[in-house]
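>
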Amino acid sequence: MARRPNVDLRGLRHDSGSHPALEGPSHLIETEDSTVVLLEMRNSALFLHEPQDVSSYRQAAARVLGAAMSPTGSAKLIEHIAESAEGSRDP
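Each residue of the sequence shown is one higher than the last, beginning at 11 in my numbering.
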């Protein structure tokens with residue numbers, strides 16, 4: 011999946027410290043006309059559209075990207091974990 015041109019895979023190491031991704035999932039949905047934030051919860055969802063809310067989540071996304079590994083580093087880490095898991099299986 012990481013080789014696809016429309017996929018930007020970024021991993022966050024467990025020791026990357028505090029960042030907004032720990033607060034829960036959020037999605038910035040951008041169209042030509044507007045941007046909304048989607049917050050998903052177990053039994054409901056919430057769309058935020060006020061400029062100050064969208065701005066806050068844009069800043070949070072930037073902080074998460076700043077804490078994330080590079081796409082190449084992320085893919086290598088996933089490959090390493092997958093190889094380690096395959097090697098630990100009993101024959």
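C-beta atoms are modelled at their ideal positions from N, C-alpha and C, and glycine is treated no differently.
With distance defined between alpha-carbon atoms, name the residue in H24, H37, H90 nearest to A55.
When only C-alpha atoms are compared, the closest one is H37.
> Looking only at DSSP bridge pairs, what is T45 linked to?
Answer is E40.
> Would you check if the region 21-29 and the region 42-57 touch, i.e. whether three or more CB-CB distances between them fall below 8 Å?
Result no; under three Cβ-Cβ pairs closer than 8 Å.
> With DSSP as the reference, label A12 as helix, strand or coil.
The answer is coil: DSSP assigns A12 none of H, G, I, E or B.
> Helix or strand or just coil, what does DSSP make of L75?
L75: helix per DSSP, three-state reduction.
> Under 7 Å, do V64 and H29 count as touching if we go by C-beta distance?
No, the Cβ-Cβ distance between V64 and H29 is not below 7 Å.
> Keeping to the same chain, check which residues put their C-beta closer than 8 Å to that of D18; ignore five residues upstream and five downstream.
Within the same chain, D18 has close Cβ partners P81.
> May I have the straight-line CA-CA distance separating M79 from R20, to the nearest angstrom?
Distance between the alpha carbons of M79 and R20: 6 Å.
> Could you check what DSSP says for E60 in three-state terms: helix, strand or coil?
E60: coil per DSSP, three-state reduction.
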